[in-house]
Amino acid sequence: NAAMSAQQPIVGATVNISNGIIEVDFDEDGYVSTIKNIHTGQTTKMRQEFLYYEGAGFNEGDNQSSGAYIFRPNGTDPKRLSSNITLQVVQGPLISEVRQTVNKWITQIIRLIKGKNYIEFEWTIGPIPKEDKNPITKEVITRYITEIASNGEFFTDANGRQIMPRKRNFSPSFEYVNTEPVASNYYPVNSRIFIKDANTQLTVLNDRSQGGSSLHDGQIELMLHRRAFYDDHWGVEEALDEPGDSGKGLVARGIHWIIIDSPTASPKMHRSLAFELFHSPQLSFAPLQLSVEQYR
Amino acid sequence: EGDLDVLRRATALMQHHDAVTGTAKENVTRDYAKRLAAGWNEGVQVINDALSKLVLKDDKSKQLPAQAICPLINETICEVIRSSGEFTATVFNSNSHPLSTVVRLPYYSRDAIISAPNGEHIESQLVKTFFGTNQLEGTKRAPYELLIPVDIPALGFATYFVSNKTSIRSSRLTPSKYDKSKR
Chain A
129 NAAMSAQQPI
139 VGATVNISNG
149 IIEVDFDEDG
159 YVSTIKNIHT
169 GQTTKMRQEF
179 LYYEGAGFNE
189 GDNQSSGAYI
199 FRPNGTDPKR
209 LSSNITLQVV
219 QGPLISEVRQ
229 TVNKWITQII
239 RLIKGKNYIE
249 FEWTIGPIPK
259 EDKNPITKEV
269 ITRYITEIAS
279 NGEFFTDANG
289 RQIMPRKRNF
299 SPSFEYVNTE
309 PVASNYYPVN
319 SRIFIKDANT
329 QLTVLNDRSQ
339 GGSSLHDGQI
349 ELMLHRRAFY
359 DDHWGVEEAL
369 DEPGDSGKGL
379 VARGIHWIII
389 DSPTASPKMH
399 RSLAFELFHS
409 PQLSFAPLQL
419 SVEQYR
Chain B
1001 EGDLDVLRRA
1011 TALMQHHDAV
1021 TGTAKENVTR
1031 DYAKRLAAGW
1041 NEGVQVINDA
1051 LSKLVLKDDK
1061 SKQLPAQAIC
1071 PLINETICEV
1081 IRSSGEFTAT
1091 VFNSNSHPLS
1101 TVVRLPYYSR
1111 DAIISAPNGE
1121 HIESQLVKTF
1131 FGTNQLEGTK
1141 RAPYELLIPV
1151 DIPALGFATY
1161 FVSNKTSIRS
1171 SRLTPSKYDK
1181 SKR
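Chain order of the listed sequences is A and B.
Per the working numbering, the very first residue in the first sequence carries number 129; after that it's consecutive.
Per the working numbering, the very first residue in the second sequence carries number 1001; after that it's consecutive.
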């Protein structure tokens, strides 16, 4: 019988979990606060937040709405979602995890797995609320915030392998005009995005293609889910507003693996871990009607 | 005979930019999902065809029930586990490197005895499923998650045995005939 630890909700207290390789601290508001690499002793300040951009939305005319084919936020600052987060903590021999309830439609599990040198963030977003009158398009992001002096530079993969250097508010192939300060700095992130300075690299591995960027030094953001209520006139002729199984809106769930290490150690880690995430094990099941021995 | 072309065609179609990014009419997106599900079912057929070829031909092999995949496992739902007191969990590793990790299974009992491929018992961990809010309201999610440490060879698979009995049945596990499991 596996011991099952009690999981009483925690509010307003610091929390800490560890798997002997990595240690994660949470502050009184329930946010991740520091990550410690136990082997190297390196401690990195890191906070993770959910926010959402309000998308531009026009019923008629040729104004460009945010929609299926285009991301066009209304303004440059995403809205914050909640001030404090309720936590539940589970500790055990194989997995220790902190379960965050951010609000009614956002939860997340932050997990440390035995023997693994990454932090797993399993996010669950939705149903994204929809106002009755003139609904506002909402495009939900997760933002990882550190003190890394990334100097306007970040890196994203091309086709899951080649790493492309990106520079904020700049393009190598045309004269950049900053009419869309957020959207034009978003890039396709198929498997990984990272920032670094001389001492520290923050790498985020994702389990599916997402739009992502580093709009401020030390920060990485990725778009997890969106709900748009206006046709963007690029041919779909429908708003991106799927009701999902519940009829109240689609719920999306996925995984990010966070690696924080030195810039020299990180490439070897993300190269192998990206394959491990992409090749997550496939499971099949069958009733067992023989003894274990006979089956073997 | 499973028809992998159904799966090949579905995944090929998914490379279209409308599919990868979900930028399609809702009914087109549903059609993509339907094609993938049909392809997936053919894949399961191929798994069972392969396993039946690997099994020794004797009367016991006829009692081997078909393998099933739980498509809603990421919502903590798995019908085979819910309806079986004892079951096998076969873990496939499609990576070209061996894999040591922890897999999470939807689980419906408070008791679990886990045997590794070589028949030895291994330590597992049982946690309550995190329901959080009413996000996944109305879904038949398992009340627990069973965490199992697994070691899978590169491009290989391994079968683990799970029983919700509280004690080992009378027939003690006899030492296995095979010293080392064939990789």
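C-beta atoms are modelled at their ideal positions from N, C-alpha and C, and glycine is treated no differently.
ask   = So is residue 1121 of chain B buried or exposed if we call it buried at 16+ other beta carbons inside 10 Å?
value = Here residue 1121 of chain B corresponds to residue number 121 of the second sequence, with the count starting at 1. Exposed is the call here.
>> Checking 9 Å against the spacing of the C-beta atoms, do residue 507 of chain A and residue 269 of chain A come in under that value?
In response: No statement about residue 507 of chain A is possible, as the shown extent of chain A runs from 129 to 424 and does not include it.
Task: C-beta neighbour in chain B for residue 192 of chain A, strict 9 Å - done: Residue 192 of chain A sits at position 64 when you count from the first residue of the first sequence. Closer than 9 Å: no.
Here's a check: name, in chain order, each residue in its chain whose Cβ is nearer than 8 Å to the Cβ of residue 1129 of chain B, leaving out the five neighbours to either side. Locating residue 1129 of chain B in the second sequence gives position 129, where the first residue counts as 1. Once the five neighbours on either side are set aside, the close Cβ partners of residue 1129 of chain B are 1076, 1106, 1141, 1142, 1143, 1144 and 1145.
Counting only beta-carbon separations shorter than 9 Å, does residue 1042 of chain B have a partner in chain A?
Locating residue 1042 of chain B in the second sequence gives position 42, where the first residue counts as 1. Cβ-Cβ to chain A under 9 Å: no for residue 1042 of chain B.
**Study point:** Segment contact flag, the segment 208-227 of chain A with the segment 304-313 of chain A, C-beta cutoff 8 Å, min 3 pairs
**Key:** The segment 208-227 of chain A is not in contact with the segment 304-313 of chain A.
Between the C-alpha atoms of residue 229 of chain A and residue 149 of chain A, what's the straight-line distance to the nearest angstrom? Numbered from its first residue, the first sequence carries residue 229 of chain A at position 101. Numbered from its first residue, the first sequence carries residue 149 of chain A at position 21. If I take the Cα positions, the gap works out to 26 Å.
| request: Count the other CB atoms, across all protein chains shown, that sit within 10 Å of the CB of residue 1023 of chain B; report buried if there are 16 or more and exposed otherwise. | output: Counted from its first residue, the second sequence places residue 1023 of chain B at position 23. It counts as buried.
Can you list the residues of chain B that residue 196 of chain A reaches, using a CB-CB cut of under 7 Å?
-> Working through the first sequence from its first residue, we reach residue 196 of chain A at position 68. Those within 7 Å of residue 196 of chain A in chain B are 1023.
- prompt: Shorter than 9 Å from the beta carbon of residue 1141 of chain B to some beta carbon of chain A?
  reply: Taking the second sequence and counting its residues from 1, one reaches residue 1141 of chain B at position 141. For residue 1141 of chain B, the answer is no, since every Cβ of chain A falls outside 9 Å of its Cβ.
* Asked: Using a C-beta cutoff of 9 Å, does residue 112 of chain A count as contacting chain B?
  -> Given a span of 129 to 424 for chain A in the structure shown, any question on residue 112 of chain A remains unanswerable.
Next on the checklist: Please list, in chain order, the residues of the segment 1107-1126 of chain B that have any C-beta partner in chain A closer than 7 Å.
Outcome noted: 1111, 1112, 1115, 1119, 1123, 1124, 1125 and 1126
**Message:** Here's the rule I'm using: 16 or more other beta-carbon atoms within 10 Å means buried, otherwise exposed. How should residue 1015 of chain B be labelled?
**Reply:** Within the second sequence, numbered from 1, the residue matching residue 1015 of chain B stands at position 15. It counts as exposed.
Using CA coordinates, which residue listed in A:412, A:418, A:410 and A:386 is at the minimum distance from residue 244 of chain A? Against the first sequence, residue 244 of chain A aligns to sequence position 116. Out of A:412, A:418, A:410 and A:386, A:386 has the C-alpha closest to the C-alpha of residue 244 of chain A.
Report task. Check whether the Cβ of residue 1202 of chain B lies closer than 9 Å to any Cβ atom in chain A. Result -> Within the shown structure, residues of chain B are numbered from 1001 to 1183, placing residue 1202 of chain B beyond reach of any answer.
- Buried or exposed (CB count within 10 angstroms, at least 16 for buried), residue 285 of chain A: Here residue 285 of chain A is taken as the residue at index 157 of the first sequence, counted from 1. Buried is the call here.
Short Cβ contact (9 Å threshold) for residue 302 of chain A with residue 253 of chain A: Residue mapping note: residue 302 of chain A aligns to position 174 of the first sequence, counting from 1. Residue mapping note: residue 253 of chain A aligns to position 125 of the first sequence, counting from 1. In this structure, residue 253 of chain A does not lie closer than 9 Å to residue 302 of chain A by Cβ.
| request: Measuring only between beta-carbons, confirm whether residue 263 of chain A sits less than 9 Å from chain B. | output: The residue given as residue 263 of chain A occupies position 135 in the first sequence. So, not an interface residue.
**Item:** Beta-bridge partners of residue 1103 of chain B, as assigned by DSSP
**Value:** In the second sequence, the residue the question calls residue 1103 of chain B occupies position 103. Per DSSP, B:1148.
Below 8 Å CB to CB, which residues in the same chain sit around residue 1117 of chain B once its five sequence neighbours on both sides are set aside? Residue numbering aside, residue 1117 of chain B sits at position 117 when the second sequence is read from its first letter. Excluding residues within five positions, the ones whose Cβ falls inside 8 Å are 1158, 1159, 1160 and 1181.
Quiz item: Exposed or buried, which one is residue 1085 of chain B when buried takes at least 16 other CB atoms within 10 Å?
Solution: Translated into positions along the second sequence, residue 1085 of chain B becomes position 85. Classification of residue 1085 of chain B: exposed, given that the 10 Å Cβ count is below 16.
Neighbour list for residue 233 of chain A in chain B, Cβ cutoff strictly below 8 Å
For this step, residue 233 of chain A is matched to residue 105 along the first sequence. Near residue 233 of chain A (Cβ distances below 8 Å), the residues of chain B are 1133 and 1135.
Just tell me which of B:1031, B:1021 and B:1087 has its CA closest to the CA of residue 413 of chain A.
The sequence position of residue 413 of chain A within the first sequence is 285, counting from 1. Per the Cα distances, B:1087.
Chain A within 9 Å of residue 1014 of chain B, Cβ atoms only:
By one-based count along the second sequence, residue 1014 of chain B stands at place 14. Not closer than 9 Å to any Cβ of chain A, the Cβ of residue 1014 of chain B fails to qualify, so no.
Would you report the Cα separation of residue 1083 of chain B and residue 422 of chain A, rounded to the nearest angstrom?
The count along the second sequence starts at 1 and reaches residue 1083 of chain B at position 83. The count along the first sequence starts at 1 and reaches residue 422 of chain A at position 294. Going from the Cα of residue 1083 of chain B to the Cα of residue 422 of chain A covers about 22 Å.
Self-check item: beta strand (DSSP E) segment containing residue 230 of chain A, residue limits
Solution: One-based indexing of the first sequence puts residue 230 of chain A at position 102. It spans 223-231 - the beta strand (DSSP E) in which residue 230 of chain A sits, taken as one unbroken run.
In the segment 386-424 of chain A, which residue ranges form an unbroken alpha helix (DSSP H) of at least 4 residues, counting only runs that do not cross its ends?
-> 394-406 and 420-423
| Any 3 or more C-beta pairs closer than 8 Å across the segment 360-377 of chain A and the segment 1066-1074 of chain B | The segment 360-377 of chain A, when compared against the segment 1066-1074 of chain B, does not touch it at the 8 Å Cβ threshold.
DSSP state of residue 362 of chain A mapped onto helix, strand, coil
Along the first sequence, read from residue 1 onward, the residue named residue 362 of chain A stands at position 234. Three-state DSSP puts residue 362 of chain A in coil, outside helix and strand.
Q.
Please report the straight-line C-alpha distance between residue 418 of chain A and residue 1163 of chain B, rounded to a whole angstrom.
A. Translated into positions along the first sequence, residue 418 of chain A becomes position 290. Translated into positions along the second sequence, residue 1163 of chain B becomes position 163. Computed Cα separation, rounded: 12 Å.
Need the endpoints of the alpha helix (DSSP H) that residue 165 of chain A sits in, please. If you number the first sequence from 1, residue 165 of chain A lands on position 37. No alpha helix (DSSP H) contains residue 165 of chain A, which is instead part of the beta strand (DSSP E) from 160-165.
- Task: Pick helix, strand or coil for residue 1032 of chain B, following the three-state DSSP scheme.
- Result: Locating residue 1032 of chain B in the second sequence gives position 32, counting from the first residue. Of the three classes helix, strand and coil, the one that applies to residue 1032 of chain B here is helix, per DSSP.
Could you give the distance in angstroms between the alpha-carbon of residue 191 of chain A and the alpha-carbon of residue 200 of chain A?
Walking along the first sequence from the start, residue 191 of chain A turns up at place 63. Walking along the first sequence from the start, residue 200 of chain A turns up at place 72. Approximately 11 Å, taken between the alpha carbons.
Query raised in the report: By how many angstroms is the C-alpha of residue 296 of chain A removed from the C-alpha of residue 425 of chain A?
Result: Since the first residue of chain A shown is 129 and the last is 424, residue 425 of chain A is not available in this structure.
Query raised in the report: Could you give the distance in angstroms between the alpha-carbon of residue 1064 of chain B and the alpha-carbon of residue 249 of chain A?
Result: Residue 1064 of chain B sits at position 64 when you count from the first residue of the second sequence. Residue 249 of chain A sits at position 121 when you count from the first residue of the first sequence. Rounded to whole angstroms, residue 1064 of chain B to residue 249 of chain A spans 38 Å at the Cα level.
Contacts around residue 365 of chain A, its chain only, beta-carbon distance under 7 Å, and the 5 residues preceding and following it disregarded
The count along the first sequence starts at 1 and reaches residue 365 of chain A at position 237. Correct list, in chain order: 359.
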